[in-house]
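The structure appears right after this line, and notes come after that.
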Amino acid sequence: MTWIAKPRLHHPSLSRNAVGYTRRDYEGKVSTLCAGCGHDSISAAIIQACWELDIEPHRVAKLSGIGCSSKTPDYFLGNSHGFNTVHGRMPSVLTGANLANRGLTYLGVSGDGDSASIGMGQFVHAIRRGVDMAYIVENNGVYGLTKGQFSATADQGSVSKRGVANSDAPIDLVGLALQLGATYVARGFSGDKAQLVPLIKGALGHRGVAILDVISPCVAFNNHAGSTKSYDYVREHNDAVNRLDVIEGRAAIAVDYDPGEAIDVVQHDGSVLRLRKLDPDYDPTDRLAAMAYVNLHQARGEVVTGLLHVDPAATDLHGHLGTVATPLNQLGAAELCPGAAALAKINAALR
Amino acid sequence: MHPTDIRDPGYFHKVVDCQWACPAHTPVPEYIRLIAAGRHADAYMVNWRSNVFPGILGRTCDRPCEPACRRGRVEEGNGEKPEPVAICRLKRVAADLKGDVRARMPKKAARGNGRRIACIGAGPASLTVARDLAPLGYQVTVYDAEAKAGGFMRTQVPRFRLPEPVIDEEVGYVLDLGVEFVGGRRIESMKALLAEGHDAVFVGCGAPRGRDLDLPGRREAAAHIHIGIDWLASVYFGHVERVGRRVLVLGGGNTAMDCCRSARRLGGETVTVVVRSGFDEMKASPWEKEDAMHEGIPILDYRVPLAFEHEDGRLTGMRFQRVRAEYGADGRRSLVPTGEPDELIACDEVLVAVGQENAFPWIERDAGIEFDRWGLPVLDKDTLQSSLPHVLFGGDAAFGPKNIIWAVAHGHEAAVSIDRLLSGEEPRERPAPAVSLVSQKMGIHEWSYDNDISPEERHKVPWAPTEQALRRIDLEVELGFDDATAWREAQRCLNCDVQTVFEDGKCIECDACVDICPMDCISFTANGPEDELRTRLTAPALNLAQDLYVSGPLKTARVMVKDEDVCLHCGLCAERCPTGAWDMRKFLLHTTQAGRSCRDARPEAA
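As they're listed, the protein sequences go chains A and B. Per our numbering, the first sequence runs over residues 1 to 351. Per our numbering, the second sequence runs over residues 352 to 957.
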């Protein structure tokens, strides 16, 4: 790890966003991860995305489990709410927090071990329930903190640093998310911030479950020849289906593309996801087609990236439950105890 | 852009802004680190090798290094007032705290090489030539009209800025090398000198003539009007001990500042500086202006002197025309009258410090040395040779008035020219500097330099109380940093000589360096022409004086581009680099001085 703190000095031209913060204000402590870890790039992308979205840091809750990935919330958004949960239990803690206070932006940060092994049950049920969150899986295919054993997302045939091939079938988190009805599903690569930052911005602005699987090479244990999660492998096999521009509500939307070249998806908050098509036949609003495309291309050994699916009519858990618009933690005694007359009315209705 | 060629010593030298800006190319960060380590004598010797007069320069240098200092740019947008490292005053700390360094000085040459060199004038240029050549066995004789060596440093710089023992000490180190000093002898004829058969003659006699103002009343009131540099010398020699109650100083250079502050100490109650142009355009260093104003001396600008007013041979005041600056279409400035009535400023004495001129009445025009139409010798600007190859010029005598550090730089170059010339080698072929580039990596995150960045603002040098300082002309005003403050000021240095070196073959493009860089210096992007590339980096690279460091193509066909402008040299890019593509390497450049290393054939040292 790096021993000195990152100096507070910044470039003279560093600018402030609409809520008065510089990009540096969204940073956290200096990372203790290995030098060159893909996770650090994801942290930098989250910082960039939050700055660009003019998010107030104190209106974000960042939650994580256990693992290299789950350490990272310490390295960004140093002025946001944070919760480092038990291994694999981030989704349920996040669900509870979201139910209690729907007014915050929820960012779940997890890894392939935390989500695809010990936390698999939590992962799938949070998606089923439609919790409004941006759930980022920092996926490197190995257990880095315990020296590089294969995780459940490692591809079959992928070779470990010691030369042993993985014989187990992999879990595809994107495939699961599509199947379980996540309304925003994307895959990014930590080595391509130009693609990743807009994907994070779209996920943060999405009301509903946003699952973002980010391939994040483990420089210490999974960045060698024979690995399918190395910088070189992902760059060689990357099949990006589209390029995303997130256009915030207040910006005028200019049409500067030919019909058929891009798709605009309007989100609940008024922002527009503009998808520049890299694959002319790919329609991310068609969930079943997306599943078929991802399966087909993954079978060919390609790493499909981009915004794979988005449902413009997404709903979330609060919608399903019919909760009040006011966050529950802000309701006072008067609203929660409406008195004997109201109780009698309810009881009468149940007789 | 083409990949940067870091084998060119000029590339990394330019990154060390202070050393690049110093005419003598003193390795500034190197000695600041030594000061921080408490190794003041070592720091002094690093200085002494480059600039010969660390104690003198640590008090009086024009500091071309400080406006160039990266710290000043780095602090822009980060605090109240961006300020460079107090390089000059740290140099003084090394001199103040060094202890006895006599044993570290070069030894006198064991035997002479039979060559005789004459140096005219015992100022910094001549003394530098003497210092560089005497230990090599040259028999150097330095002539000066005054009894003591030191030149203008001794006679014109006032004692409250530069105490005489400091001059004695540092001039002494040079003369102790076996240099013959002939004081009290003014050279009256170049022809006669040349006839003495010296192997080389170095002219370092300065620009000794102060410019006068030929205005109405100048002759009538002559008794109360003095040329600044002559008056300062008279003060030094004790010929002048008092000055009138109301004093006007004309001129905006450092000599004017010395004049007004001296006048303030010799009984001048109301001392006023008047300049023709604007305050900001004055030639005086900003800190010298501040020091003068701190002592209660107002500086009035945009006033053109018209006449000396007098009565019965007694000066009563000066008349000035009020002007303002106007800039023509070609950007040239002209001073035009504002139309306000002329201003009369009452005074008892006027000091004229409006510039200096070269004067070579003692060089016969048929001696074989060519002069240009401004009366300056025609010189090869690299070798400093005149049209007589064995007669060289340096310091103010060469290209007109500059300053001490330029004189030292000229002295070094002239010594190299003389050494090569008298060794039968071509002086126009200049030897390359000695350069080393050494990794500072000691462990995974350990460096052999202190890479933590101090957030502190520039520390102020303590001053003697003004009321005491104004009572005596020989009481030094600046007291110098103490050891503890010097350490803290030294921590502000960014170690710009510890270079970020990038090896493209090792890079895996993980972005770790981009993410950690506090100053957004690093980008990975498609290559392009420089002016276009500068606009699309992580942070725009708008300072065109600072280079872009461009790598060869990487695996993704992109290139690494680093804007050197505001790099903190904190080494975090190298700390976060998983493959060692970034490394921090100390770049040390020593200019080549006279002696074996400056020659093509390398004979045994004398």
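For glycine and all other residues, C-beta sits at the position ideal for the given N, C-alpha and C.
Sorted by chain position, which residues of the same chain lie with C-beta nearer than 6 angstroms to residue i's C-beta, five sequence neighbours on each side aside?
| i | result |
| --- | --- |
| Ala957 of chain B | At Ala957 of chain B, the pLDDT of 46 sits below 50, so the modelled position is not reliable and the matter cannot be decided from this model. |
| Ser948 of chain B | none |
| Ser874 of chain B | Leu888, Thr889, Val912 |
| Val137 of chain A | Ser110, Ser115, Leu173, Asp213 |
| Asn802 of chain B | Cys921, Gly922 |
| His81 of chain A | Ala61 |
| Val366 of chain A | Outside the displayed range of chain A (1 to 351) lies residue 366 of chain A, so it cannot be described from this structure. |
| Trp582 of chain B | Leu702 |
| Glu639 of chain B | Asn605, Met608 |
Find the residues of chain B that neighbour residue i, judging by a C-beta separation of less than 7 angstroms, and give them in chain order.
| i | result |
| --- | --- |
| Asp40 of chain A | Ala863, Asp866 |
| Lys6 of chain A | Ile867, Pro869, Leu923 |
| Thr2 of chain A | His796, Leu923, Glu926, Arg927 |
What span of residues does the alpha helix (DSSP H) with residue i cover, start to end?
| i | result |
| --- | --- |
| Thr836 of chain B | 834-842 |
| Leu735 of chain B | Here Leu735 of chain B belongs to no alpha helix (DSSP H), and DSSP marks it neither H nor E. |
| Lys345 of chain A | 340-350 |
| Ala758 of chain B | 755-773 |
| Tyr382 of chain B | 379-387 |
| Thr506 of chain B | 503-506 |
| Asn605 of chain B | 605-616 |
| Asn402 of chain B | 391-402 |
| His320 of chain A | 317-321 |
| His364 of chain B | 360-366 |
Looking only at its own chain, which residues have a Cβ that is under 7 angstroms from the Cβ of residue i, when we skip the five neighbours before and after it?
| i | result |
| --- | --- |
| Lys442 of chain B | Asn398, Pro405, Leu408, Gly409 |
| Leu199 of chain A | Ala186, Gly188, Leu212, Leu244, Leu307 |
| Val452 of chain B | Ala392, Tyr395, Met396 |
| Lys29 of chain A | Asp74, Tyr75, Gly78 |
| Ala892 of chain B | Arg885, Leu899, Asp914, Asp916 |
Might you give, ordered along the chain, the residues of its own chain that have their beta carbon closer than 8 angstroms to the beta carbon of residue i, omitting 5 neighbours on each side?
| i | result |
| --- | --- |
| Leu830 of chain B | Val812, Pro813, Trp814, Ala815 |
| Ala18 of chain A | Asp54 |
| Asp316 of chain A | Gly130, Val131, Asp132, Arg207, Gly208, Val209 |
| Arg89 of chain A | Gly65, Gly119, Gln122 |
Residues of chain A with CB closer than 9 angstroms to the CB of residue i, please, in chain order.
| i | result |
| --- | --- |
| Cys847 of chain B | What Cys847 of chain B touches in chain A: nothing, since even the nearest Cβ is about 14 angstroms away. |
Using a C-beta to C-beta distance shorter than 8 angstroms, which residues of chain B count as neighbours of residue i?
| i | result |
| --- | --- |
| Leu9 of chain A | Val425, Glu426, Asn429, Ile804, Pro806, Pro869, Met870, Leu919 |
| Ser13 of chain A | Gly428, Ala890, Pro891, Leu893 |
| Val219 of chain A | Ile859, Cys861, Pro929 |
Taking the continuous beta strand (DSSP E) assigned at residue i, which residues delimit it?
| i | result |
| --- | --- |
| Glu321 of chain B | This structure gives no information on residue 321 of chain B, because the portion of chain B shown stretches from 352 to 957. |
| Met633 of chain B | Here Met633 of chain B belongs to no beta strand (DSSP E), and DSSP marks it neither H nor E. |
| Ser110 of chain A | 105-111 |
| His941 of chain B | 933-941 |
| Thr2 of chain A | Where Thr2 of chain A is concerned, there is no enclosing beta strand (DSSP E), given that its DSSP letter is neither H nor E. |
| Phe744 of chain B | 742-744 |
| Asp239 of chain A | 238-240 |
Quick one: list the residues of chain A neighbouring residue i, beta-carbon separation under 7 angstroms, in chain order.
| i | result |
| --- | --- |
| Cys928 of chain B | Ala35, Gly36 |
| Glu860 of chain B | Gly191, Tyr231 |
Using 8 angstroms for Cβ pairs, my map puts residue i next to residue j. What's the rounded Cβ distance?
| i | j | result |
| --- | --- | --- |
| Tyr21 of chain A | Ser43 of chain A | That pair is no contact at about 17 angstroms. |
| Gly191 of chain A | Asp269 of chain A | That belief does not hold up - the Cβ atoms of Gly191 of chain A and Asp269 of chain A are roughly 29 angstroms apart, past 8 angstroms. |
| Thr355 of chain B | Tyr900 of chain B | 5 angstroms |
| Asn242 of chain A | Pro284 of chain A | 7 angstroms |
| Thr411 of chain B | His763 of chain B | Actually they are not in contact, since the Cβ atoms of Thr411 of chain B and His763 of chain B sit about 19 angstroms apart, beyond 8 angstroms. |
| query | If you measure beta-carbon to beta-carbon, which residues of the stretch 883-909 of chain B are closer than 8 angstroms to chain A? | reply | Ala890, Pro891, Leu893, Lys906, Thr907
| message | Tell me which residues of the stretch 222-250 of chain A have at least one Cβ-Cβ distance to chain B shorter than 8 angstroms, keeping chain order. | response | Asn223, Tyr231, Asp232, Arg235
| request: Please list the residues of the stretch 43-74 of chain A that have a C-beta atom closer than 8 angstroms to any C-beta atom in chain B, keeping them in chain order. | output: Ser43, Ala44
| task | Pull out every residue of the stretch 785-801 of chain B whose Cβ sits closer than 7 angstroms to any Cβ of chain A, in chain order. | result | His796
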